[in-house]
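Beneath this line is the structure, given in structure tokens, with notes to follow.
Protein chains in written order, with the working numbering: chain A, 1 to 339; chain B, 1001 to 1339.
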């Protein structure tokens, strides 16, 4: 494990590809110390707290072997910013732990280009990291700030609340199906939706504006219905979802309704926000939608919990409740360990 | 990548092995929200800042294939607490990102046992994480608190400062050499030092007490001389080290002097603190040593920088300066990318 060599080494790598990128940014005042010491330092402003989230992406599991490193750098940070957004936190900085089979400079240049493009877009600085050889694995921990007590938790949904989602659902799953040749898509159609899989847009501004509006929120990474269950469990409530209301892109709407429902309801990799809010907030939500030029769709209701396990009742376009056998295939969530 | 299954899944795993352990602890008041939401929340006390460090451990690189999961859980957190200690920070909490080839319950039980044993010892709570399938990789990000402006940085060493190390050096490297059959050690001797490799003691209390005493500090993970260079580079100074002063265990002292010097000077995995302090602090340092019952050894001096690159001059027992060819093999640092 210990070894001696004069080739390009761990410290050079971090220095060259990451420290340079980090130094080029204007870190937020909350960052007291960035890369180069045993620890980074963050001091939040008075009456602010720090939101923390972590994700690990593994080659062959979360992205294809040989995936474009620039897209990968972008997405690795995007999915963490999406978690910050779901709490209503404003990004401050992140740490990067990276295992790489070899110190491939070309790969590192492209990866850091993608990484810093989104980091700059959201003023989120790289403040520390670790680089090692090993199977390609990317682990990012991201930090955001928000006024103390204002975080949107999963536990606040109340019976009677509306259920909302941002943007459209299912396109990332449709792009994956097309790239896997499970579904045939025209070149033009694929081009229009492929960015939803590779370069998700974290809904950071939406999260911040929802702080005073939403009763609960999360980001949809494993599919709407699977993720919604986390809100239900934490809030101890049930839900009714109207499948025909799920927002879909024009490309997904060209598919048959079974594919539409499955991909929109449990596709995964959407990185939209699902949130709940009292019905008195509808006007406020419409105003947020207009100001952000982002579609926000009312897709269902929170209801009283009926049984021991939380329950999602699904309704079809004609208002008919789907039977358990019709519902079952849709309620299965994305699971990294299942195979 | 998306898949459907009723077997034990990602969320169950996190729930069962980690949330239970986390819930059993009494988190520090700084932790506003732990596992179970999109993010954890930390709110430091007034006039405190948060120190953040991250590490990634890869099977076959940082630990042997098939390594004891209980020891691994312990060490994975210990090395991060060691980084917090080097800044003078008091541990608060940590996130864990874990890739595992399969959802092996026995492995997870042992790993979490080791992890929580050290987490409890240092009152450092698990506050979030991510679990996925993949080649065994452990990435921990740890958080500590300290009074604003009191962090011990690498950049504060001044010419004339004494250089100190805690504990003894080289035993972890000696244990590794014995386990690799590079060096023959008696069963009894190996038993006495093996814990230095598997269960390093993060010098948390020492770091806290050094806040008002040390001018610079870091923890020794890649070998004393290689790591000391980071202090020299950040502080723009040179150093003189007296090799015969390096503190060694009785077991290491049984080896020939070449092995002693190499393992103590650049063995790696020591997780002791190396720090600098003005000579007027010697009494204070002796008092800290006595109160913690921890040996602190004065091993050299910080000097003015002479050339473009920082330089470490090594001196032998008879006060003779080692030539560059004698010094060279000792100055090479542990590097994860070199092979």
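Even for Gly, the Cβ is constructed at its ideal location relative to N, Cα and C.
Every value quoted in this text rests on a predicted model; they were computed, and no experiment measured them.
Of the residues assessed, residue 1182 (chain B) falls on the exposed side of the cut-off, its CB having fewer than 16 other CB atoms within 10 angstroms.
If you look at residue 1056 (chain B), you'll find it in the beta strand (DSSP E) that goes 1048-1058. The three-state reading of DSSP puts residue 212 (chain A) in coil, since its state is none of H, G, I, E or B.
CA-to-CA, the gap between residue 1122 (chain B) and residue 1081 (chain B) works out to about 9 Å. The shortest CA-to-CA distance from residue 1266 (chain B) to any of B:1025, B:1227, B:1278, B:1136 is the one to B:1227. Per DSSP, the continuous alpha helix (DSSP H) segment holding residue 1226 (chain B) begins and ends at 1224-1235. Restricted to the region 1140-1214 of chain B, the alpha helix (DSSP H) segments that are unbroken, complete and at least 4 residues in length are 1171-1179, 1187-1198, 1204-1210, listed in chain order. Fewer than three beta-carbon pairs drawn from the region 1042-1054 of chain B and the region 1064-1077 of chain B are found closer than 8 Å, and the two stretches are therefore not classed as touching. For a Cβ distance threshold of 7 Å, nothing in chain A lies close to residue 1220 (chain B): the least Cβ distance comes to about 11 Å. With respect to chain A, the C-beta atom of residue 1091 (chain B) has no partner C-beta closer than 9 Å. Distance from the Cα of residue 1193 (chain B) is smallest, within the candidate group B:1281, B:1176, B:1259, for B:1176.
Taking 9 Å as the CB threshold, residue 211 (chain A) stays off the interface with chain B. With fewer than 16 other beta carbons inside 10 angstroms of its own, residue 45 (chain A) counts as exposed. Contact fails between the region 154-163 of chain A and the region 32-47 of chain A, because fewer than three Cβ pairs, one in each stretch, are under 8 Å apart. Against chain A, the beta carbon of residue 1039 (chain B) has neighbours under 8 Å at 51, 52, 53, 83, 84, 86, 87, 89, 144, 151, listed in chain order.
With respect to the 9 Å criterion, residue 1115 (chain B) and residue 1077 (chain B) are classified as neighbours on the basis of their beta carbons. Here residue 1105 (chain B) is exposed, its C-beta having fewer than 16 other C-beta atoms within 10 Å. By the neighbour-count criterion, in which 16 or more other beta carbons inside 10 Å mark a residue as buried, residue 1238 (chain B) falls on the buried side.
For residue 1266 (chain B), the uninterrupted alpha helix (DSSP H) segment begins and ends at 1257-1266. Burial state of residue 1173 (chain B) is buried, judged by a 10 Å Cβ sphere holding 16 or more other Cβ atoms.
When the five nearest sequence neighbours on each side are left out, the beta carbons in the same chain lying within less than 7 Å of the beta carbon of residue 1150 (chain B) are those of 1088, 1211, in order along the chain.
When C-beta atoms of the region 1028-1035 of chain B are compared with those of the region 91-104 of chain A, fewer than three pairs fall below 8 Å, so the two segments do not count as touching. Judged by pairs of C-beta atoms under 8 Å, the region 134-152 of chain A touches the region 1133-1150 of chain B, as three or more such pairs exist. For residue 290 (chain A), the enclosing alpha helix (DSSP H) stretches over residues 282-292. Between residue 1277 (chain B) and residue 1086 (chain B), the beta carbon gap of about 14 Å keeps them out of contact (Cβ cut-off 8 Å). Boundaries of the beta strand (DSSP E) harbouring residue 1277 (chain B): 1273-1277, taken from the DSSP string. The residues 317, in chain order, have a CB closer than 6 Å to that of residue 244 (chain A) in the same chain once the five nearest residues on each side in sequence are set aside. Put simply, the CB of residue 130 (chain A) is near chain B, with a gap under 9 Å to one of its CB atoms.
Contacts between residue 42 (chain A) and chain B, judged by CB atoms closer than 7 Å, involve 1049, 1050, 1052 in chain order.
Against chain B, the CB of residue 78 (chain A) has no partner CB under 9 Å away; the residue lies outside that interface. Listed by position along chain B, the residues whose Cβ is nearer than 7 Å to that of residue 139 (chain A) are 1056, 1097, 1139. Each residue's CA atom was taken as its position, placing residue 38 (chain A) and residue 1273 (chain B) some 11 Å apart.
Secondary structure of residue 303 (chain A) (DSSP, three-state): strand. Annotation: the continuous beta strand (DSSP E) that includes residue 1031 (chain B) extends over 1031-1033. For residue 244 (chain A), there is no enclosing beta strand (DSSP E), as DSSP marks it with neither H nor E.
Counting the other Cβ atoms within 10 Å of the Cβ of residue 24 (chain A) gives fewer than 16, which makes it exposed.
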